[in-house]
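J.: In full-length UniProt numbering, the protein residues as written are 1 to 266. Using N, Cα and C, we set each Cβ at its ideal position, and we do this for glycine too. Only a predicted model underlies this, so the values are computations on that prediction, with no experimental measurement involved.
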Amino acid sequence: MSDQTQTDQTQTGQTQAEHRTAIVTGAARGIGAAVAKRLAADGLQVAVLDLDESACAAVVSEIEQAGGKALAVGVDVSDEAGVQAAVERVAAELGAPTVLINNAGIIRDNMLFKMTVDDWDAVMGVHLRGSFLMARACQKHMVDAKWGRIVNLSSTSALGNRGQANYSAAKAGLQGFTKTLAIELGRFGVTANAIAPGFIATDMTKATAERMGITFEQFLEGAAKEIPVGRVGLPEDIAATAAFLVREDAGFVSGQVIYVAGGPKA
1 MSDQTQTDQT QTGQTQAEHR TAIVTGAARG IGAAVAKRLA ADGLQVAVLD
51 LDESACAAVV SEIEQAGGKA LAVGVDVSDE AGVQAAVERV AAELGAPTVL
101 INNAGIIRDN MLFKMTVDDW DAVMGVHLRG SFLMARACQK HMVDAKWGRI
151 VNLSSTSALG NRGQANYSAA KAGLQGFTKT LAIELGRFGV TANAIAPGFI
201 ATDMTKATAE RMGITFEQFL EGAAKEIPVG RVGLPEDIAA TAAFLVREDA
251 GFVSGQVIYV AGGPKA
């Protein structure tokens, strides 16, 4: 392949990305914010979704200051009507969403005998119901465009984790959901993949350290000792993987679960 051909392909990919709209849920902070900023840097228009629209303002501002285009949208992803309205707003104000990153999530950790039905339902509602509702609302735009990318955020907890029966079940469920989407939507030019992060330094893991009664630094240090690469993950590590999966030239990667955990996990 000549240098000119490679240059032309790169420019074509950039042009296509600039006219595509991505939705990232749970994007006000942490992994979602990092993914939103990375996709914007790669040329996509990005809808920054979270429960509190005002909380998305900082991410939107950072994207816009860097020359990108973004929109803050407040939505409860477990609410059917709310999701439909949010996706319609994104389509009207930014463009038809053909990239979806289902990142929104919560934890309600407890041992099984202490876990309440509300703890279970809340986690299932955001992770599984939310991803289903978002994917269902966005898929029409992808099918119409004959091109789409869906990335669901799973977790190494899908392999089982003490005190997380609800979270582990939800994250494992997302893997089956992802593979089914890949089967159903592949013929329309839509890929679906899942990212399963390991230990990532975020506000969520900081809150876990507080519940354990140790400092965040101690928590990070202890976790790093168990990870083959010798460090904990950062939101940007997940953003880099998501950026690859939504690229034009990742079109033959579908139905996969990629463990981004600093070592073998599955």
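CA-CA distance, ALA250 and GLY233?
T.: On the sequence shown, residue 250 is found 250 positions in, with the first residue counted as 1. On the sequence shown, residue 233 is found 233 positions in, with the first residue counted as 1. C-alpha separation (whole angstroms): 23 Å.
J.: Are ARG149 and THR191 close, meaning C-beta to C-beta below 8 Å?
T.: Taking the sequence shown and counting its residues from 1, the one referred to as residue 149 is at position 149. Taking the sequence shown and counting its residues from 1, the one referred to as residue 191 is at position 191. Cβ atoms of ARG149 and THR191: closer than 8 Å.
J.: Apart from the five residues just before and just after GLY255, which ones in its own chain have a Cβ nearer than 6 Å to its Cβ?
T.: Counted from its first residue, the sequence shown places residue 255 at position 255. Contacts found: LYS179, ALA182.
J.: With a 10 Å radius around its C-beta and 16 neighbouring C-beta atoms as the bar for buried, classify THR215 as buried or exposed.
T.: By one-based count along the sequence shown, residue 215 stands at place 215. Classification for THR215: exposed.
J.: Is it buried or exposed, ASP50, if we count other Cβ atoms within 10 angstroms and call 16 or more buried?
T.: Within the sequence shown, numbered from 1, the residue matching residue 50 stands at position 50. So ASP50 ends up on the buried side.
J.: Tell me where the beta strand (DSSP E) around LEU112 begins and ends.
T.: Here residue 112 corresponds to residue number 112 of the sequence shown, with the count starting at 1. Note, LEU112: premise wrong, no beta strand (DSSP E); not H, not E.
J.: From GLU93, VAL143, GLU184, PRO197, pick the residue whose C-alpha is nearest to that of GLY105; which is it?
T.: Your numbering for residue 105 matches position 105 in the sequence shown. Checking every option, the nearest Cα to that of GLY105 belongs to PRO197.
J.: If VAL87 sits next to CYS138, beta carbons under 8 Å apart, how far is it from one beta carbon to the other, in whole angstroms?
T.: For the purposes of this step, residue 87 is identified with residue 87 of the sequence shown, where counting begins at 1. For the purposes of this step, residue 138 is identified with residue 138 of the sequence shown, where counting begins at 1. 6 Å between Cβ atoms; contact.
J.: Can you tell me whether ASN103 is helix, strand or coil according to DSSP?
T.: Translated into positions along the sequence shown, residue 103 becomes position 103. DSSP places ASN103 in coil when its eight states are reduced to three.
J.: Can you grab the Cα-Cα spacing for the pair PHE199 / GLY262, in whole Å?
T.: On the sequence shown, position 199 is the one that residue 199 refers to. On the sequence shown, position 262 is the one that residue 262 refers to. Those two C-alpha atoms are separated by around 9 Å.
J.: Could you name the residues that DSSP lists as bridge partners for LEU39?
T.: The residue given as residue 39 occupies position 39 in the sequence shown. DSSP, once it has assigned bridges, lists no residue as partnering LEU39.
J.: Assign ILE238 to one of three DSSP states: helix, strand, or coil.
T.: Position 238 of the sequence shown, counted from the start, is the residue given in the question as residue 238. In the structure shown, ILE238 sits in a helix (DSSP, three-state: H, G or I).
J.: Using a Cβ-Cβ cutoff of less than 7 Å, which residues in the same chain neighbour ALA158 once the five nearest sequence positions on both sides are dropped?
T.: The count along the sequence shown starts at 1 and reaches residue 158 at position 158. Contacts found: SER168, LYS171, ALA172, GLN175, ALA196.
J.: Taking a contact to mean a Cβ-Cβ separation below 8 Å, would you say residue 267 touches VAL90 in this structure?
T.: The shown model of the chain, from 1 to 266, leaves out residue 267, and the question about it has no answer.
J.: Which residue's Cα is closest to the Cα of TRP147: ASP109, GLY130, THR116, ARG187?
T.: In the sequence shown, the residue the question calls residue 147 occupies position 147. Checked all of ASP109, GLY130, THR116, ARG187; the closest Cα to TRP147 is ARG187.
J.: Taking 6 Å as the limit between beta carbons, can you name the residues of its chain near ALA22, skipping five residues before and five after?
T.: One-based indexing of the sequence shown puts residue 22 at position 22. Excluding sequence neighbours, ALA22 sits near LEU39, LEU44, VAL46, VAL99.
J.: Helix, strand or coil for VAL232, going by three-state DSSP, please let me know.
T.: The count along the sequence shown starts at 1 and reaches residue 232 at position 232. Coil, per DSSP.
J.: Along the chain, where does the alpha helix (DSSP H) containing THR25 start, and where does it finish?
T.: If you number the sequence shown from 1, residue 25 lands on position 25. Looking at the DSSP string, THR25 is not in any alpha helix (DSSP H), and its letter there is neither H nor E.
J.: Mind checking which residues open and close the alpha helix (DSSP H) that includes GLY82?
T.: The count along the sequence shown starts at 1 and reaches residue 82 at position 82. GLY82 -> alpha helix (DSSP H) spans 80–93.
J.: Indicate whether ASN103 and THR25 have their beta-carbon atoms separated by less than 8 Å.
T.: In the sequence shown, counting from the first residue as 1, residue 103 sits at position 103. In the sequence shown, counting from the first residue as 1, residue 25 sits at position 25. Contact: yes.
J.: Within this structure, are the beta carbons of GLN164 and ASP109 separated by less than 8 Å?
T.: Here residue 164 is taken as the residue at index 164 of the sequence shown, counted from 1. Here residue 109 is taken as the residue at index 109 of the sequence shown, counted from 1. In this structure, ASP109 lies closer than 8 Å to GLN164 by Cβ.
J.: THR10 by DSSP, collapsed to three states: which one?
T.: Start at 1 with the first residue of the sequence shown, and residue 10 comes out as number 10. Confidence in THR10 is poor, its pLDDT being 47 and thus under 50, which makes the residue's placement too unreliable to answer from.
J.: In this structure, does DSSP put VAL117 in helix, strand or coil?
T.: As a position in the sequence shown, residue 117 is number 117, starting the count at 1. Three-state DSSP puts VAL117 in a helix.
J.: Which value, in whole angstroms, describes the spacing of the CA atoms of ASN161 and ALA223?
T.: Taking the first residue of the sequence shown as position 1, residue 161 is located at position 161. Taking the first residue of the sequence shown as position 1, residue 223 is located at position 223. Distance between the alpha carbons of ASN161 and ALA223: 15 Å.
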